[in-house]
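Trainee: What follows is a structure written as structure tokens; I'll ask about it next.
Numbering (UniProt numbering), first residue to last: 1 to 96.
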């Protein structure tokens, strides 16, 4: 998957600063006891694995630019919490 994406993206770092922004996040609006294994896997894939794979994909471009940066954006819901929602799943995926 990463190799195919890198082919589409290219290998030239170009000139100037290269930035990758990981800004994705979701969770299910239902009690944690009702979250299925498939739903948990999709939350982890969308919130955690996608950041990892994008970072792998753009690494050669960031390195070639000499000024590469990765920005990871997280949500405040992992800090404030919602008593009736399965934030623990979302929080785990965000690394909080």
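All C-beta atoms in this analysis are idealised placements derived from N, C-alpha and C, irrespective of residue type, glycine included.
Just the Cα atoms here: how many angstroms apart are residue 57 and residue 23?
Mentor: 15 Å
Trainee: Could you tell me whether the Cβ atoms of residue 72 and residue 62 are closer together than 9 Å?
Mentor: no
Trainee: Is it buried or exposed for residue 18, if we count other Cβ within 10 angstroms and need 16 for buried?
Mentor: buried
Trainee: Only counting runs of 4 or more residues, tell me where the alpha helix (DSSP H) segments fall wholly within the stretch 13 to 74, in order along the chain.
Mentor: 37 to 44, 50 to 65
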